[in-house]
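**Q**
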Amino acid sequence: MIDNEDVAALLGTEGPFARELPNFAPRAAQQAMARAVQHAIAERETLVAEAGTGTGKTFAYLVPALLSGERVIVSTGTKALQDQLYFRDLPRVRSVLDARLKTALLKGRSNYLCLYRLDQTVREGATFDRTQASQLAAVRAWSARTRRGDRMELAEVPEESPLWPRVTSTPENCLGVECPFYDDCHVVKARREAQEADLVVVNHHLLFADLALKQGGFGEILPGAQAFVLDEAHQIPELAGQFFSQSISARQLTELAQDSLNECNGVTGAIGLLLEPVEALQETVRKLRLAMDVLPERGPFHLLEASDAINAALHDTRDVLAALTDVLASQAERSRGFANAHERAAHLSERLDRIAERESERDVRWFELFPRGFALHATPLDLAAPLRAMREQTQAAWIHTSATLSVAGSFDHFARQLGLEDPQTLHVESPFDYAKQALCYLPENLPDPSVRDYTDRVVEAVLPVLHASNGRAFLLFTSHRALRRAAELLRERVPWPLFVQGTAPRHRLLEEFRASGHGVLLGAASFWEGVDVAGEALSVVVIDKLPFAAPDDPVLQARLEALEHSGINPFMGWQVPSAVIALKQGAGRLIRDVHDRGVLVLCDPRLTTKGYGRLFLGSLPPMPRTRVLGDVQAFFAGGASSVG
1 MIDNEDVAAL
11 LGTEGPFARE
21 LPNFAPRAAQ
31 QAMARAVQHA
41 IAERETLVAE
51 AGTGTGKTFA
61 YLVPALLSGE
71 RVIVSTGTKA
81 LQDQLYFRDL
91 PRVRSVLDAR
101 LKTALLKGRS
111 NYLCLYRLDQ
121 TVREGATFDR
131 TQASQLAAVR
141 AWSARTRRGD
151 RMELAEVPEE
161 SPLWPRVTST
171 PENCLGVECP
181 FYDDCHVVKA
191 RREAQEADLV
201 VVNHHLLFAD
211 LALKQGGFGE
221 ILPGAQAFVL
231 DEAHQIPELA
241 GQFFSQSISA
251 RQLTELAQDS
261 LNECNGVTGA
271 IGLLLEPVEA
281 LQETVRKLRL
291 AMDVLPERGP
301 FHLLEASDAI
311 NAALHDTRDV
321 LAALTDVLAS
331 QAERSRGFAN
341 AHERAAHLSE
351 RLDRIAERES
361 ERDVRWFELF
371 PRGFALHATP
381 LDLAAPLRAM
391 REQTQAAWIH
401 TSATLSVAGS
411 FDHFARQLGL
421 EDPQTLHVES
431 PFDYAKQALC
441 YLPENLPDPS
451 VRDYTDRVVE
461 AVLPVLHASN
471 GRAFLLFTSH
481 RALRRAAELL
491 RERVPWPLFV
501 QGTAPRHRLL
511 EEFRASGHGV
521 LLGAASFWEG
531 VDVAGEALSV
541 VVIDKLPFAA
551 PDDPVLQARL
561 EALEHSGINP
571 FMGWQVPSAV
581 IALKQGAGRL
591 IRDVHDRGVL
601 VLCDPRLTTK
611 GYGRLFLGSL
621 PPMPRTRVLG
631 DVQAFFAGGA
641 SSVG
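In this text, residue positions in the sequence shown follow my numbering: the first is 1, and each later residue adds one.
1. For Ser600, list the residues DSSP reports as bridge partners.
2. Please report the distance separating the alpha-carbon of His205 from that of Gly108.
3. Where are the alpha helix (DSSP H) runs, 4 residues long or more, that stay fully inside the region 356 to 408, in chain order?
4. What do you get for Phe513, buried or exposed, if any count of 16 or more other CB atoms within 10 angstroms of its CB means buried?
5. Rank Glu193, Pro497, Leu290 and Arg614 by C-alpha distance to the C-alpha of Leu369 and give the top, closest one.
6. Along the chain, where does the beta strand (DSSP E) that runs through Thr46 open and close?
7. Rounded to a whole number of angstroms, what is the C-alpha to C-alpha distance between Arg334 and His234?
8. Could you check which residue in Ile591, Ser469, Ser360 and Arg372 has the C-alpha nearest to that of Ala534?
9. Helix, strand or coil for Asn203, going by three-state DSSP, please let me know.
10. Just the Cα atoms here: how many angstroms apart are Ala18 and Pro26?
11. Leaving out the 5 sequence neighbours to the left and right, which residues in its chain are closer than 6 Å to Gly613 when beta-carbon positions are compared?
12. Taking just the CA atoms, how far does Val540 sit from Leu600?
13. Enumerate, from N- to C-terminal direction, the unbroken alpha helix (DSSP H) stretches of 4 or more residues contained entirely within the region 145 to 171.
14. Who are the near neighbours of Phe616 in its chain, counting only those whose CB is closer than 7 Å to its CB and skipping five residues on each side?
15. Can you tell me whether Leu253 is helix, strand or coil according to DSSP?
16. Indicate the three-state DSSP secondary structure (helix, strand or coil) for Arg354 in the structure shown.
17. If you check the beta carbons only, do Ser307 and Leu295 fall under 9 Å apart?
18. Could you check what DSSP says for Gly471 in three-state terms: helix, strand or coil?
19. List the endpoints of the continuous beta strand (DSSP E) containing Ile73.
20. Give the C-beta separation of Ser430 and Thr55 to the nearest angstrom, bearing in mind that I take them to be a contact with Cβ-Cβ under 8 Å.
21. Among Leu463, Gly517 and His480, which has the Cα closest to the Cα of Glu492?
22. On the three-state DSSP scale, how would you describe Gly299?
23. Taking only the alpha-carbon atoms, compute the straight-line gap between Ala504 and Glu159 and give it to the nearest angstrom.
24. Using the Cβ count rule (16 or more neighbours within 10 Å means buried), how would you classify Thr268?
25. Using 8 Å as the Cβ pair cut-off and three pairs as the minimum, do the region 481 to 496 and the region 550 to 567 touch?
26. Between Val465 and the rest of its own chain, which residues show a CB-CB distance below 8 Å, the 5 nearest in sequence each way excluded?
27. Taking the alpha helix (DSSP H) that His480 belongs to, which residues open and close that run?
28. Can you tell me whether His595 is helix, strand or coil according to DSSP?
29. Could you tell me whether the region 243 to 258 touches the region 411 to 422, using the rule of 3 or more Cβ pairs below 8 Å?
30. Report the CB separation of Ala645 from Asp259 in whole angstroms; it is logged as a contact under 8 Å.
31. Take Met623 as the anchor and find which of Ala438, Leu556 and Glu45 has the nearest alpha-carbon.
32. Between the Cα of Thr170 and the Cα atoms of Ala155, Phe128, Pro180 and Tyr116, which residue gives the shortest distance?
33. Kindly list the residues whose CB is nearer than 7 Å to the CB of Arg625, restricted to its own chain and excluding five residues on each side of it in sequence; keep chain order.
34. Would DSSP call Gln424 helix, strand or coil?
35. Around the C-beta of Asn265, are 16 or more other C-beta atoms found within 10 angstroms, so that it is buried, or is it exposed?
36. With a threshold of 16 other CB atoms inside 10 Å of the CB of Lys436, please say whether the residue is buried or exposed.
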C-alpha cells in the first residue's frame, strides 16, 4: 500500500508517467482525484467525483486501483470505451507502474460467438442472401482462429448485421453446462478469467445485469470485489431502471417459438406436438401487436387495459404461452434444447402474468411499441432503495466519476437518484482555458421552443455561424422530428457535406465527418455524449433546445407525481437537474483538447427569459457569453470582439 503523497507524486512532474509517456502533462486536478480514489478504496467509502474534460480521470482512478492490492471492478458507459480502457489505457498504466497483476475484459454474452448457435445455423442450411452468406463464411473462418470470440475482432461483419443474433447466445437460449461445446465456450472462458483477475473491466449493462441477478446460468460473475469504479456514472440512474425492471418483449416470445421448432429436428414425433402451439403463439403475438397499433409509441399500462381488443389479445397470448409451456414440459427430458426451451417458456409465462396482473404502488407498469414488436415493463418507482441495498451487500468502495454529475456545483440530484447518503464528493476543474478557447453564443429573437416553426428559426439563426466557421459543426437536437426538419432545410442551403443520424451507423458517420474536414453533423440522443472529435474538424456545437426528458415517458410521469406527493417541486427537484446534466454532456462535445477552439450555440431563449436558465448557464464551463453575431464572426476570424 502507498500513501496519498506517493499516488500524487507518481502522476507529478518528477514521476514515472512524466518520464516514460510522451505528451503526458502533469495536472494538479488529476493528482487530487487520484488521492481521493486511493482514500475511498482504502476506507471502503462512497465517492462522487466530477472531473472536467481533460482532467485525465482514467489514469486518476487506474493508478490507485492497480496499487491498492484489492480486487477492483472498473465499469464504463459503452463497449467502445471499455475496449479503449482495456487495450489502450490500462496497458500504459500497468507498464509504467510495472504492475504484475491479472486483468480481464468481460462483456455481455451477446458479444461472444456461441459455437453451438454457429453450428446450428450452419446445419440448418437456411437460405441466406448473398451478403449474409458471405458474413457467415467470414464468421466460420474467424471462429477457427479467435481466442476470445469477441465479435469486436471481426470488423468485416457490421455490428448491426442480423446474423449476429443467430450466432450469439442469450441467457434464455444458453444451454449452460449441458452444451456440447461447453469446454470451448468463449463466455465461460471470459467469465473464468474475470473471476481470477485482480482488475476487471466491464460495462454498465453487464455490471447491473449481474448485480441485479438478471444474468442466469452461471451465478454471480463479479464476486468478491473490494472496489467498484463507475466511469461515465451519469448514465447509472437510467440504466439501473432497466435492470431492476421486469420486462417481456415480442422478440423474446417469437425467438422462443422459433427455437422450439428448431429443436424438433431429429426428435421423433416432436414436430407433431409442437407445430400447433408454436404457430398459435406466433399468431397471438402478431395479433397483439396489431391491436396495439392504436396506442402511442409508449405509455402507461392503463391505456392498454382500456381497450377490449388489446385486453383480449393479451389474454390469448398468456393462454397460448401457458399451453406451449405445458407441451415443452412433456418434451423436456428428450433433449437439452427442449429442457432449455421449457425453462424459458415457464419463465416468460410467469413474467407476463406478473406484469399483466400486478398492481403495485412501488412499480410503474408501461409499454413501448417498435415497428414490428412491443415490450411490456414493470419498473420500480424509486431506484434509490434497491441500489442502496445492492451497494450495502457488496461491502465495497463505490467510486462514481464523470464530467457531468453536479448541478451548479451541487451533487444532491445525483446522490438522491442513487440513494447515496452523505457520500464523499470531489469536483476538479478542467485544465482547458475556456475563457480563451471557447465562446458561448445565445442568439437573440428566437421564439418559444413550442412554436410550430421553431426549428426553421433555429436554422436561420445558425446559418451565419456555420458560414463563419466554414462548417465543422455538430447540430444536436432534442427530437428526431426536429433533426429531420433541419436536415431538409440545410440540404438546400449549405455547401458542406451533411452527415445525418439514421442514414448510416454512428461510427461510420463520425469517421466520415472527421475525414471531411468541413462537415456538418446532425444528431440526437446518442450523439449528445461519448463522441470525441478533437481538432479543427469540430469547431461549433449547436443545441436547439434545453434537453428536458420527453413528457410521454410514463416512468418519469409517475416519479414526478410521487415527488409532488412528498412535497418536492418535481420541475425544479428533478426535471431541471436532469436536463442540466444532459446539457453539460452535449456542450462537452466542443472542447476536447488544449488546442481546440470553438463556439457553443445555445438556441433556447428560456436560458435568458426563465429564472431556471441561470442554473443551466451556471453549470457550464466558464466561457465568455455573447448575444452578438459579430463576436462569433470575430472569434473565427481571429479578431477582437466585444465579449468580456
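In this text, a Cβ means the ideal position worked out from N, Cα and C, and glycines have one as well. Only a predicted model underlies this, so the values are computations on that prediction, with no experimental measurement involved.
**A** Concretely, from the data shown:
1. This sequence places Leu at residue 600; Ser is not what is there. Leu600 is bridged to Cys440 and Val541.
2. 8 Å
3. 384 to 394
4. buried
5. Leu290
6. Thr46 to Ala51
7. 48 Å
8. Ile591
9. strand
10. 7 Å
11. Arg606 and Leu607
12. 6 Å
13. 164 to 167
14. Leu546, Val580, Leu583 and Leu607
15. helix
16. helix
17. yes
18. coil
19. Val72 to Thr76
20. 6 Å
21. Leu463
22. strand
23. 12 Å
24. exposed
25. no
26. Tyr441, Ala473, Val540, Val542, Val599, Val601, Leu629 and Val632
27. His480 to Arg491
28. coil
29. no
30. Outside the shown range of the chain (1 to 644) lies residue 645, about which nothing can therefore be said.
31. Ala438
32. Tyr116
33. Cys440 and Leu442
34. strand
35. exposed
36. exposed
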